[in-house]
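Numbering (UniProt numbering), first residue to last: 1 to 196.
Note sheet for the following structure.
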Amino acid sequence: MEGDLMHRPPRRRNKIISSKTLLLYSYGYAGFIQSFGAFVAYCIVFMTYGIHLPDLFMSSVTYWQDNAPDFVSNNHTFTWQEQMHINRQACSAWFIGIVIGQLFHILNARTRRISIFKHGIFACPQSILGMITAVTLGCIIVYVPGVNTWFGGEAIGILPWLGAAGVGCFMFGFNEIRKYFIRNYPTNNAVRLFKW
Numbered sequence: 001m002e003g004d005l006m007h008r009p010p011r012r013r014n015k016i017i018s019s020k021t022l023l024l025y026s027y028g029y030a031g032f033i034q035s036f037g038a039f040v041a042y043c044i045v046f047m048t049y050g051i052h053l054p055d056l057f058m059s060s061v062t063y064w065q066d067n068a069p070d071f072v073s074n075n076h077t078f079t080w081q082e083q084m085h086i087n088r089q090a091c092s093a094w095f096i097g098i099v100i101g102q103l104f105h106i107l108n109a110r111t112r113r114i115s116i117f118k119h120g121i122f123a124c125p126q127s128i129l130g131m132i133t134a135v136t137l138g139c140i141i142v143y144v145p146g147v148n149t150w151f152g153g154e155a156i157g158i159l160p161w162l163g164a165a166g167v168g169c170f171m172f173g174f175n176e177i178r179k180y181f182i183r184n185y186p187t188n189n190a191v192r193l194f195k196w
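Here you go:
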């Protein structure tokens, strides 16, 4: 946390630990941005195969399962085996999107007010070890044959990683701007909505 944590007075016994603004942050914008990053990675897989995204609407009722009829999108025809291959890659991309979102989020959640650049990205070696472990496990789950089959996934290319990282960078920038306003305008009512 912030460097002044031990200099602040202790929390009052009757103070609520989970505030409304913390819940808004967790389940509102931070959770939404991370989910959006996973969705971007998921959609990138379909787009790399030339599948028009509106064609996917309600398609899982008939397609994307064993022995499904051929799926046609953008004048491309996909057999049920190809559909299953694409579907498993999309599941892996979604998973990687969550991993990348958490990777960027841990950098932001380490401080409430102070910029991560002032606090130090490498200030907490346990967090760095956790990030390395998360990416390593993500790679094992997605790329090791047998393991990825067991998890219902398949190896993916670099584009879903880049899509998720782009959304992660947006979340990182959003939180740095949020912390800037919290530091410089702490009594502003609009800023207090984003302060937890």
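Glycine included, every Cβ here is placed at the ideal spot set by N, Cα and C.
Nothing here was measured: the structure is a model prediction, and the numbers come from that model.
**Request:** Identify every residue that forms a DSSP beta bridge with T77.
**Result:** V72
**Pair within 8 Å by beta-carbon distance, M58 and L103** = no
**Request:** In the DSSP assignment, find the alpha helix (DSSP H) that holds P160 and state where it starts and stops.
**Result:** 158–184 is the span of the alpha helix (DSSP H), which, as asked, contains P160.
**Request:** Tell me the start and end of each unbroken alpha helix (DSSP H) in the segment 4–75 that is at least 4 residues and wholly inside, in chain order.
**Result:** 20–23, 31–48
**C-alpha gap between G153 and I121, whole angstroms** = Per the coordinates, the alpha-carbon of G153 lies some 32 Å from the alpha-carbon of I121.
**Prompt:** Can you tell me the Cα-Cα spacing of F151 and I141, whole angstroms?
**Reply:** When only Cα atoms are considered, F151 and I141 end up about 7 Å apart.
**Prompt:** How long is the line joining the alpha carbons of T77 and V61, rounded to whole angstroms?
**Reply:** 18 Å
**Request:** Using the Cα positions of F46 and A164, report the straight-line distance between them to the nearest angstrom.
**Result:** 15 Å
**Prompt:** Hey, how far is the Cα of S127 from the Cα of H119?
**Reply:** 13 Å
**Item:** Cβ contact (3+ pairs, closer than 8 Å) linking the segment 62–72 and the segment 182–191
**Value:** no
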